[in-house]
Amino acid sequence: MDMNKFDLDTPCLVLDLEILEENLGKMQASANAAGKKLRPHAKTHKCSILAKKQLEKGAIGVCVAKVSEAEALVNSGVHGVLITGALAVERKVKRLAAFLRRSPSLMTVIDHPKNIDLLEKHLADHDLRIDVLVDIDIGLGRTGVSPDRGLELADFVMASDHLRLRGIQAYAGHVQHIQSYEDRRKASKESLGRASALFRRLQAKGTGCTIFSGSGTGTSDIDLSIPELTELQVGSYAVMDAEYMSIETAGSTALSDSFRPALTLLTSVVNVSHETHVTVDAGLKSLYRDGASPRVVTREYSGLRYDWFGDEYGMLSPAEGSHSLPKLGATLELVVSHCDPTVNQFDCFHIVRGDEVVDVWPIDLRGKSQ
Ligand SMILES: Cc1ncc(COP(=O)(O)O)c(C=O)c1O
Numbered sequence: 028m029d030m031n032k033f034d035l036d037t038p039c040l041v042l043d044l045e046i047l048e049e050n051l052g053k054m055q056a057s058a059n060a061a062g063k064k065l066r067p068h069a070k071t072h073k074c075s076i077l078a079k080k081q082l083e084k085g086a087i088g089v090c091v092a093k094v095s096e097a098e099a100l101v102n103s104g105v106h107g108v109l110i111t112g113a114l115a116v117e118r119k120v121k122r123l124a125a126f127l128r129r130s131p132s133l134m135t136v137i138d139h140p141k142n143i144d145l146l147e148k149h150l151a152d153h154d155l156r157i158d159v160l161v162d163i164d165i166g167l168g169r170t171g172v173s174p175d176r177g178l179e180l181a182d183f184v185m186a187s188d189h190l191r192l193r194g195i196q197a198y199a200g201h202v203q204h205i206q207s208y209e210d211r212r213k214a215s216k217e218s219l220g221r222a223s224a225l226f227r228r229l230q231a232k233g234t235g236c237t238i239f240s241g242s243g244t245g246t247s248d249i250d251l252s253i254p255e256l257t258e259l260q261v262g263s264y265a266v267m268d269a270e271y272m273s274i275e276t277a278g279s280t281a282l283s284d285s286f287r288p289a290l291t292l293l294t295s296v297v298n299v300s301h302e303t304h305v306t307v308d309a310g311l312k313s314l315y316r317d318g319a320s321p322r323v324v325t326r327e328y329s330g331l332r333y334d335w336f337g338d339e340y341g342m343l344s345p346a347e348g349s350h351s352l353p354k355l356g357a358t359l360e361l362v363v364s365h366c367d368p369t370v371n372q373f374d375c376f377h378i379v380r381g382d383e384v385v386d387v388w389p390i391d392l393r394g395k396s397q
């Protein structure tokens, strides 16, 4: 392509191929060493090329949050897709039933008898079957059913004609970003422990359950030692973000020592009228406002702090004391605050080796929110 990343039009997303490969390889190697499978969450990157890279490294499939994401991945040839949110509305179940034939390996979760009834009804219409996991709420309170109702739901699935019970899912989203490693370790063990007990009971009942899917980037190294957990659905580790970079790992190092930020955003200075700050061209519409503050990684300006400055603009000012400010037209590189919703704002990743742009990968699941 013969282009330097700093010549790209801004704001834009840049993905460092070497760091990405390193992150994917590290997580896969840790899972392999612990005898676990990896089914990474594609909600983070929304990119079928990246999902295929995860499969090439050894992942058994990928997770998605939405039916429309599943459709896009299946259409691009990705197998082993797990939809991690239960389908509560009939039109979604219809949509799933209509394309399930194209991907017999597709799985979904259920967390209510109504999900089971809807799937049963529409899969019967198509004479199809689907593998399901019971989604267990282990403390987040967002989706899933409480562990003590898990057996009952599992029985409903087993009594159905078109659903095959394969196991459980339990995701401790409330635990992933706990700053202290020790507190996070305790919280994850306790949360997943509730689901482990249920999984053992399901196995003892002779249900033939073989899948316990869960975990996230913040607790992956902790959860690898949970015997019952069979697969990890980690997402952010692939590209990382400022929110995850600062949490502590075992030995009091930062998580960014294990998984480095492969994803950055380039933004240009568009106004230098003030002595106190400069204005850049990345605002709310390109840098999602959630989690930690974005971090300037351009070395000479790493002492500057980013603040949102409206839809299209951001402000860079000295984090403390005084600091030289970049010139009008200068391009700076930032680690994003929260990778998932930021990625969803862009059409493509510019793939780089060092500073050289070597490829462009469409973020083809972008906007697939249904
Ligand atoms: C159900 C589920 N599983 C896995 C993940 C991946 O988590 P992380 O990005 O922390 O690795 C998420 C992220 O929100 C999720 O919602």
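Residue 338 in the working numbering sits at position 311 of the sequence shown, and the numbers go up by one each step. Idealized CB from N, CA, C, for every residue including glycine. As the structure is a prediction and not an experimental result, all values here were calculated from the model.
- With a 10 Å radius around the Cβ and a threshold of 16 neighbouring Cβ atoms, residue 215 comes out buried.
- Around residue 267, the same chain offers 286, 288 as residues with beta carbons nearer than 6 Å, after the five sequence neighbours per side are excluded.
- Annotated as distal: residue 172 and residue 184, with beta-carbon spacing of 8 Å or more.
- Sequence-distant partners of residue 129 (beyond 5 residues in either direction) whose C-beta falls short of 7 Å from its own C-beta, in its chain, are 101.
- Cβ contact annotation for residue 372 (same chain, cutoff 6 Å, sequence separation greater than five): 313, in chain order.
- Excluding the 5 residues flanking it on each side, residue 355 has same chain C-beta neighbours closer than 6 Å at 296, 299, in chain order.
- For residue 375, the shortest separation between its Cβ and any heavy atom of ligand 1 does not lie below 7 Å.
- Counting C-beta pairs with one atom in each stretch, the segment 378 to 395 and the segment 49 to 67 have fewer than three that are closer than 8 Å, which means they do not touch.
- Nearest to residue 393 by C-alpha distance, out of 56, 76, 44, 65, is 76.
- Listed by position along the chain, the residues with Cβ atoms less than 5 Å from a non-hydrogen atom of ligand 1 are 68, 111, 198, 203, 243, 244, 260, 261, 262, 263.
- In this structure, DSSP gives residue 272 a helical state, which the three-state scheme calls helix.
- Between the alpha carbons of residue 78 and residue 387 lies a gap of roughly 15 Å.
- Comparing alpha-carbon positions, the option among 34, 181, 244 lying closest to residue 233 turns out to be 181.
- The C-alpha of residue 141 lies about 24 Å from the C-alpha of residue 221.
- The residues 250, 256, 259, 260, 261, in chain order, have a CB closer than 7 Å to that of residue 242 in the same chain once the five nearest residues on each side in sequence are set aside.
- For residue 344, the secondary structure class from DSSP, reduced to helix, strand or coil, is strand.
- Put simply, the backbone Cα of residue 55 is about 34 Å away from that of residue 36.
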